[in-house]
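Okay, so here's the structure we're looking at.
Numbering (our numbering), first residue to last: 407 to 939.
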């Protein structure tokens, strides 16, 4: 494993540095060859051994060329760097002994080889190269003393070279280690920056808000996916004029740049796209490049609806006692009138209706308050058929028999359901009210039916009418809060009904009727089957 780690470190060395090191070795070999064969040999003084000089120059030049070729093979980096430096030391030692006049210069050139090897190799290999070079210089000094010929270099010069080799190897290794550490840190930071850029691009590209980058000439230089979808084919091309793909947006941008009042109304860029709310911001304080944000107006509308519903919940809670107190007074007055002796049977029947409607109103108030406070439902196991019959009988008391009609279609066998009776009362009241109000054609009487049936797992109630039906575009928004097609409606009836069904782990669905009319289906869990919502 240590050898594998060493190979990994060596293989991380840039090939360019190794290539230049090999080129320098070829230069050294060329200089030694020039001193051995060219007229420059006269500048080197009297050689101790011309044959040895020629042999060393030739062999060293061939080895340098071979190492230059093999240096491109990354699989042999360690042997090439360490082995090549050992060859440099051997060649320098033999050349110094053969050409004593240039021995100091050759020893100086060897300093670069030792420093380069120590910089590229691990510390122990770098120090080993310095020790080999120092030992080779000492061996050559002893050899020169024993061999007859010119006097060897001074002992002081030898000591300085030995010290220089060891010190330079240590310093070069430290410099190389810091350089490699800085390079690794730079590569790491570069990769992190590249990742952050990709993450930012991905976030901007996948944002639901459209983002455009517009230059000083009002040309689109960048657009994310949402903006391209809103602008059509023209939004995806770089350097497209904003005035060509969205003239109204370009006009608003120009007004904003001029410091004029900008129209804040929603804008529809394409006929089949939702309305957007444009916002403008400069990329930099002193830059003409502008960021255009295209917010989906429907999302903004839903946020406003959420705030309105929250305010409505707080408002309904504050009115709880104000509504209950009059109801309690009416109930008390009805009870006193029922005990009066001067009330005949017809009036008692009317008082009974008032009492029942007061109780129903109180139940509606409690359900709305429970919805606003997110109170849990209290489901009970009820006979759905019997419940619907009672509901229809009670509701008929408020209908004109000569006009509208309301009937219950209930199977003979009991249909068991698990639901909060108060919530179900309010759900059916809202559905029947809508059916009687909108489920009529022209001036014809409304005919509403409540059909109860059962599937394998659920109990269902259908509220059907024979009216004109509901358009497809309207059906998609039926359960949105505050959505209504009537000038006098609040748009909360179906929304509250659906929220109450969800509180009971049930579902409220709109089912289109092919033959005309509308059907709202309440899917209730059976007594032992709670549906996931």
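Just so it is clear, CB atoms sit at the ideal spot from N, CA and C, and this is done for glycine as well.
- Task: Alpha carbon to alpha carbon, how far is residue 429 from residue 626? Give it in angstroms, no decimals.
- Result: Locating residue 626 in the chain shown gives position 220, counting from the first residue. Locating residue 429 in the chain shown gives position 23, counting from the first residue. Just so you know, the alpha carbons of residue 626 and residue 429 end up roughly 52 Å apart.
- Indicate whether residue 907 and residue 880 have their beta-carbon atoms separated by less than 8 Å. Walking along the chain shown from the start, residue 907 turns up at place 501. Walking along the chain shown from the start, residue 880 turns up at place 474. Result no, Cβ atoms of residue 907 and residue 880 do not sit closer than 8 Å.
- Output yes or no for whether 8 Å exceeds the beta carbon distance between residue 453 and residue 505. Reading the chain shown from its first residue, position 47 is the one you call residue 453. Reading the chain shown from its first residue, position 99 is the one you call residue 505. Yes, they are a contact pair.
- Report all residues from its chain with a CB closer than 7 Å to the CB of residue 683; omit the five preceding and five following residues, and keep chain order. Along the chain shown, one-based indexing puts residue 683 at 277. Taken in chain order, the residues that qualify are 672, 701, 703, 706.
- From 559, 485, 674, 868, pick the residue whose C-alpha is nearest to that of residue 651; which is it? Residue 651 sits at position 245 when you count from the first residue of the chain shown. For the residues 559, 485, 674, 868, the minimum Cα distance to residue 651 belongs to 674.
- Where DSSP assigns a beta bridge to residue 926, which residues make up the other side? What you label residue 926 is simply residue 520 of the chain shown in a count that begins at 1. According to DSSP, which records beta bridges pairwise, residue 926 is partnered with 869, 916.
- Chain-order list of residues whose beta-carbon lies under 8 Å from that of residue 919 (same chain, five-residue window excluded): By one-based count along the chain shown, residue 919 stands at place 513. 870, 875, 925.
- For residue 581, three-class secondary structure by DSSP: In the chain shown, counting from the first residue as 1, residue 581 sits at position 175. Of the three classes helix, strand and coil, the one that applies to residue 581 here is helix, per DSSP.
- Cβ shell of residue 799 (< 7 Å), same chain only, five flanking positions each side left out: Position 393 of the chain shown, counted from the first residue, corresponds to residue 799. Around residue 799, the same chain offers no residue with a beta carbon nearer than 7 Å, after the five sequence neighbours per side are excluded.
- Task: Give me whichever residues DSSP pairs with residue 854 in a beta bridge.
- Result: By one-based count along the chain shown, residue 854 stands at place 448. BP columns for residue 854 point to 812, 871.
- Message: If distances are taken between C-alpha atoms only, which option among 863, 810, 833, 820 comes closest to residue 850?
- Response: Residue mapping note: residue 850 aligns to position 444 of the chain shown, counting from 1. Selected option, being the one with the closest Cα: 810.
- Rounded to whole angstroms, what's the CA-CA distance from residue 634 to residue 900? Just pull it up for me. Numbered from 1 along the chain shown, position 228 holds the residue referred to as residue 634. Numbered from 1 along the chain shown, position 494 holds the residue referred to as residue 900. Residue 634 and residue 900: Cα-Cα distance of roughly 36 Å.
- Kindly indicate which three-state DSSP category residue 609 falls into: helix, strand or coil? Indexing the chain shown from 1 puts residue 609 at position 203. In this structure, residue 609 counts as helix in the three-state DSSP scheme.
- Message: Check for me: the alpha helix (DSSP H) holding residue 626 runs from which residue to which?
- Response: The sequence position of residue 626 within the chain shown is 220, counting from 1. Here residue 626 belongs to no alpha helix (DSSP H); instead the beta strand (DSSP E) covers 625–629.
- Residue of 432, 492, 528 minimising C-alpha distance to residue 543: If you number the chain shown from 1, residue 543 lands on position 137. Considering only alpha carbons, the answer is 492.
- Task: Measure from the alpha carbon of residue 503 to the alpha carbon of each residue in 533, 657, 463, 522, then state which is nearest.
- Result: Your numbering for residue 503 matches position 97 in the chain shown. Ranking the options by Cα distance to residue 503, first place goes to 463.
- How close, in whole Å, do the beta carbons of residue 864 and residue 932 come, if the pair is a contact with beta carbons under 8 Å? Working through the chain shown from its first residue, we reach residue 864 at position 458. Working through the chain shown from its first residue, we reach residue 932 at position 526. Right, their Cβ atoms sit about 6 Å apart.
- Task: Specify the secondary structure class of residue 700 as computed by DSSP and reduced to three states.
- Result: One-based indexing of the chain shown puts residue 700 at position 294. It is a strand residue.
- For residue 495, I'd like the list of residues in its chain whose CB is within less than 6 Å of its CB, leaving aside the five on either flank, ordered along the chain. Working through the chain shown from its first residue, we reach residue 495 at position 89. Only 538, 539, 542 meet the Cβ criterion.
- Exposure label - residue 416; buried when at least 16 CB within 10 Å: Translated into positions along the chain shown, residue 416 becomes position 10. Residue placement at residue 416 is flagged as unreliable, the pLDDT there being 44, under the threshold of 50; a coordinate-derived value is accordingly withheld.
- CA-CA distance, residue 547 and residue 578? Here the question's residue 547 lines up with position 141 in the chain shown. Here the question's residue 578 lines up with position 172 in the chain shown. Rounded to the nearest angstrom, the two C-alpha atoms are 26 Å apart.
- Message: Quick check on DSSP: helix, strand or coil for residue 516?
- Response: Mapped onto the chain shown, residue 516 falls at position 110. In this structure, residue 516 counts as helix in the three-state DSSP scheme.
- Message: Using only the alpha-carbon positions, how far apart do residue 764 and residue 840 sit?
- Response: On the chain shown, position 358 is the one that residue 764 refers to. On the chain shown, position 434 is the one that residue 840 refers to. Approximately 21 Å between the Cα atoms of the pair.
- Message: Our contact map puts residue 474 next to residue 436 with C-beta atoms below 8 Å; I'd like the distance itself, whole angstroms only.
- Response: As a working mapping, residue 474 is identified with position 68 in the chain shown. As a working mapping, residue 436 is identified with position 30 in the chain shown. With a Cβ gap of about 12 Å, residue 474 and residue 436 do not count as contacting.
- Query: From this set, 697, 762, 830, 843, which residue's C-alpha is nearest residue 868's C-alpha?
  - Reply: On the chain shown, residue 868 is found 462 positions in, with the first residue counted as 1. Comparing Cα-Cα distances from residue 868 to each of 697, 762, 830, 843, the minimum goes to 830.
- Query: What distance in whole Å lies between the Cβ atoms of residue 814 and residue 856, which are believed to be in contact at a cut-off of 8 Å?
  - Reply: Residue 856 sits at position 450 when you count from the first residue of the chain shown. Residue 814 sits at position 408 when you count from the first residue of the chain shown. Between residue 814 and residue 856 the Cβ distance is about 5 Å, and since that is below 8 Å, they are a contact.
- residue 471 (DSSP reduced to helix, strand or coil): Walking along the chain shown from the start, residue 471 turns up at place 65. The answer is helix: DSSP assigns residue 471 an H, G or I state.
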